[in-house]
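The sequence shown maps to residues 0 to 481 in numbering that gives the first Met the number 0.
Don't be surprised by glycine CBs; every beta carbon is placed ideally from N, CA and C.
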Amino acid sequence: MYECPNCGGNLKFDIPSQLLKCDYCETIKDPYEVTKEQDAEENDVFDVTIFTCPQCGGEIMSTDTSAAEFCSFCGASTILSSRISKENRPAQIIPFKQTKEACKKAYIARMKRALFAPDDLKDEKHIDSFRGIYMPYWSYDISQEGPVHLKGEKSYSRGDYTYTDHYDLSGQIDANYNNLSYDASASFADNISEQIAPFDVRDKKEFTPSFLSGFYADTSDVDSDLYKNDAIAIANNTSYDNIRKVPAFADLKLSCTKNSFAMTTTFHTYCDPPYRVMYPVWFMSYRKNDRVAYATVNGQTGKVAVDTPVDPKKYMIGSLLLALPIFLLLNLFFTIKPKTVLAFAGFLAVFSFFIYIAEIAAIFRRDGHHDDRGYRYRQSIKEDGSKSTKKADDSIPLKDLFSFSRTDKSYRMGGAFSAVLAVAIAVLIWLLNPISDLWYYAGTILSFLGILVTVMDIIRKYNVLATRRLPQFDRTGGDDRA
Ligand SMILES: [Zn+2]
Ligand SMILES: [Zn+2]
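Here it is, written out as structure tokens:
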């Protein structure tokens, strides 16, 4: 903690003034003037307390020693165990701009539109559990400077011949791409950081540890090189696009193609050593059984991202209320033949079947962290810190996904069965073509029941998709720094 020079109270970062403010006597201090001995700038590390969740192993750190009473990653309400440690000093930080009140307001406004969300998500007490966490990022600066030579071709036909003109293009490139930043925390899913991006880097300040006072920070555990090639590719492709934009080059076929490594040489692309930065995020978790949902608010811009599960009861009532008037209206304008209704039920069943399959595939991708490089990176690091040769993947093999006997209920596909049955009934009755209309009505009712079962399961699956697996961090313990 940072002691108030006036009363010995706790100085915390105050968002409205962007300065440190004492809890008790309201003394104001410049963050750069307040340091602990160990915070001295020559050090590339600073002192922190690391809090570890006994349930999931998730870690956050703070410059404060007061107890943390819940875990932001798995939502457990439990006193986190703490230990003193040292953490790598980031180069820069964007301090919080959005107060907790503003963050809560933005979240509540968003949830007003989520009609079918469970009530807990709108509960005042729960909303108060938003926690200010600085997220670590790696930032890359890239420069391109020097002469560029490209070959171009243009082909055209005249009569029976194809002519090709060759061009030699040369010029000078002088481009800078600064502050390309990538989420450096393996516990903070990449898709969350994408949803609340971008941060305005013009607010970046030189880091000093007292900025963290009153907040938490996530530890950074992703290697600095992980995103280097991505950053270089962005620079290369952007420069390439800019060259293409020159009207004279528009219809030329260039010797150097987009997304190729050759561009790095052609454009003299150079990546400075990456540096650590910290960006502010308001973070809240919502736990239901063995799933967890996150709400995040960009602590600088106020942009909101929420995993929003659906309350099945609310949803069914809502859709019934919507379906009834539509049905009655249709009845007013058309004479609906029983055969048409049955056909409609059949199509609806096919449709719900495909939605179901698409949903399962999406859950599979998400829970396997197939699109989260930071997570997969950590999975690939062995206990002793060396890289594992094992594929970084704890996901389910694809063949298991299409098995009906899986024990993991998130992937079980039983719900698709009733849609298939509904289609079968509709087709069968259609083919038999019975004389009595009663058959069509009975068939329609059965089909709709089948669809209903599938739809209920779609909602359950949707909730799986809208939430996340409880995290399990297998931290190697001790000091994370290499
Ligand atoms: Zn004071
Ligand atoms: Zn936890």
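- Is the distance from the Cβ of I195 to the Cβ of K302 below 7 Å? Locating residue 195 in the sequence shown gives position 196, where the first residue counts as 1. Locating residue 302 in the sequence shown gives position 303, where the first residue counts as 1. Going by C-beta atoms, I195 is nearer than 7 Å to K302.
- Task: Measure how close the beta-carbons of S154 and T163 come, nearest whole angstrom, since I'm counting them as under 8 Å.
- Result: In the sequence shown, residue 154 corresponds to position 155, counting from 1. In the sequence shown, residue 163 corresponds to position 164, counting from 1. That belief holds up - the Cβ atoms of S154 and T163 are roughly 5 Å apart, short of 8 Å.
- Message: Taking 7 Å as the threshold (C-beta atoms), are F115 and Y278 in contact?
- Response: For this step, residue 278 is matched to residue 279 along the sequence shown. For this step, residue 115 is matched to residue 116 along the sequence shown. Not closer than 7 Å, so no.
- Leaving out the 5 sequence neighbours to the left and right, which residues in its chain are closer than 6 Å to T307 when beta-carbon positions are compared? Counting from one through the sequence shown, the residue named residue 307 turns up at place 308. The answer, listed in chain order, is A113, A116, A465.
- Message: Can you list, in chain order, the residues of its chain with a C-beta nearer than 6 Å to that of R467? Leave out the 5 residues immediately preceding and following it.
- Response: As a first step, residue 467 is located in the sequence shown; it is residue number 468 there, counting from the start. Closer than 6 Å at Cβ, skipping near neighbours: V291.
- Message: According to DSSP, simplified to helix, strand and coil, what is H165?
- Response: Within the sequence shown, numbered from 1, the residue matching residue 165 stands at position 166. In the structure shown, H165 sits in a strand (DSSP, three-state: E or B).
- Using the beta-carbon count (16 or more within 10 Å), is I78 buried or exposed? Position 79 of the sequence shown, counted from the first residue, corresponds to residue 78. It counts as exposed.
- Simplified DSSP assignment, three categories, for V454: On the sequence shown, residue 454 is found 455 positions in, with the first residue counted as 1. It is helical.
- The beta strand (DSSP E) with I49 in it runs from where to where? Start at 1 with the first residue of the sequence shown, and residue 49 comes out as number 50. 44-51 is the extent of the beta strand (DSSP E) around I49.
- Closest residue to P53 among S61, N42, G74 (Cα-Cα distance): Your numbering for residue 53 matches position 54 in the sequence shown. Nearest option by C-alpha distance: G74.
- Starting from T265 and walking both ways along the alpha helix (DSSP H), at which residues does that stretch end? Position 266 of the sequence shown holds residue 265. Residues 261-265.
- Might you give, ordered along the chain, the residues of its own chain that have their beta carbon closer than 8 Å to the beta carbon of K338, omitting 5 neighbours on each side? Here residue 338 is taken as the residue at index 339 of the sequence shown, counted from 1. Closer than 8 Å at Cβ, skipping near neighbours: W429, Y439.
- Same chain only: Cβ atoms within 7 Å of V33, ignoring 5 sequence neighbours per side: Translated into the one-based positions of the sequence shown, residue 33 becomes position 34. Y1, L10, L19, S209, listed in sequence order.
- Task: Would you be able to state if there are at least three C-beta pairs under 8 Å between the stretch 61-72 and the stretch 89-99?
- Result: no
- Same chain only: Cβ atoms within 7 Å of I458, ignoring 5 sequence neighbours per side: As a working mapping, residue 458 is identified with position 459 in the sequence shown. Within the same chain, I458 has close Cβ partners V309, P311, Y314.
- Of all residues in the structure, which have a C-beta closer than 6 Å to any heavy atom of ligand 2, taken in chain order? C52, Q54, C55, G57, C70, F72, C73, A75
- Could you check where the alpha helix (DSSP H) with V419 kicks off and where it finishes? By 1-based counting over the sequence shown, the position of residue 419 is 420. Taken as a continuous stretch (DSSP letters only), the alpha helix (DSSP H) holding V419 covers 413-431.
- In the DSSP assignment, what residue or residues form a beta bridge with R468? As a position in the sequence shown, residue 468 is number 469, starting the count at 1. Its beta-bridge partners are R290.
- What does the shell around ligand 1 hold, if a residue joins when its beta-carbon is under 6 Å from any heavy atom? C3, N5, C6, G8, C21, Y23, C24, T26
- Measuring CB to CB, does T51 end up less than 7 Å from I191? Reading the sequence shown from its first residue, position 52 is the one you call residue 51. Reading the sequence shown from its first residue, position 192 is the one you call residue 191. Going by C-beta atoms, T51 is not nearer than 7 Å to I191.
- Specify the secondary structure class of T295 as computed by DSSP and reduced to three states. By 1-based counting over the sequence shown, the position of residue 295 is 296. DSSP places T295 in strand when its eight states are reduced to three.
- Query: Just curious, the alpha helix (DSSP H) that M0 is in, first and last residue?
  - Reply: As a position in the sequence shown, residue 0 is number 1, starting the count at 1. M0 -> no alpha helix (DSSP H), and no H or E assigned at all.
- Message: Short of 6 Å in beta carbon distance, which residues of its chain neighbour T207, apart from the five on each side in sequence? Order them along the chain.
- Response: Reading the sequence shown from its first residue, position 208 is the one you call residue 207. Taken in chain order, the residues that qualify are P30, Y31.
- Message: Checking 7 Å against the spacing of the C-beta atoms, do A418 and G345 come in under that value?
- Response: Translated into the one-based positions of the sequence shown, residue 418 becomes position 419. Translated into the one-based positions of the sequence shown, residue 345 becomes position 346. Not closer than 7 Å, so no.
- State buried or exposed for K244, treating a residue as buried only when at least 16 other CB atoms are found within 10 Å of its CB. Indexing the sequence shown from 1 puts residue 244 at position 245. K244 is exposed by the Cβ-count criterion.
- Task: Assign R201 to buried or exposed, taking buried as 16 or more other Cβ atoms, counted over all protein chains shown, within 10 Å of its Cβ.
- Result: Here residue 201 is taken as the residue at index 202 of the sequence shown, counted from 1. Label assigned to R201: exposed.
- Of the listed residues K203, C255, Q471, Y23, nearest to H148 (C-alpha basis): Counting from one through the sequence shown, the residue named residue 148 turns up at place 149. Among K203, C255, Q471, Y23, the Cα nearest to that of H148 is on C255.
- May I ask you to list the residues that DSSP assigns as paired with A304? Working through the sequence shown from its first residue, we reach residue 304 at position 305. For A304, which the question treats as bridged, DSSP gives the partners T295.
- Task: Check the DSSP bridge columns for P279 and list the partner residues they point to.
- Result: Mapped onto the sequence shown, residue 279 falls at position 280. P279 pairs with Y133.
- Task: Ignore the nearest five residues each way along the sequence and tell me which others in A348's own chain have a CB closer than 7 Å to its CB.
- Result: Numbered from 1 along the sequence shown, position 349 holds the residue referred to as residue 348. Here the set comprises A418, A421, V422, A425, S446, G449, I450.
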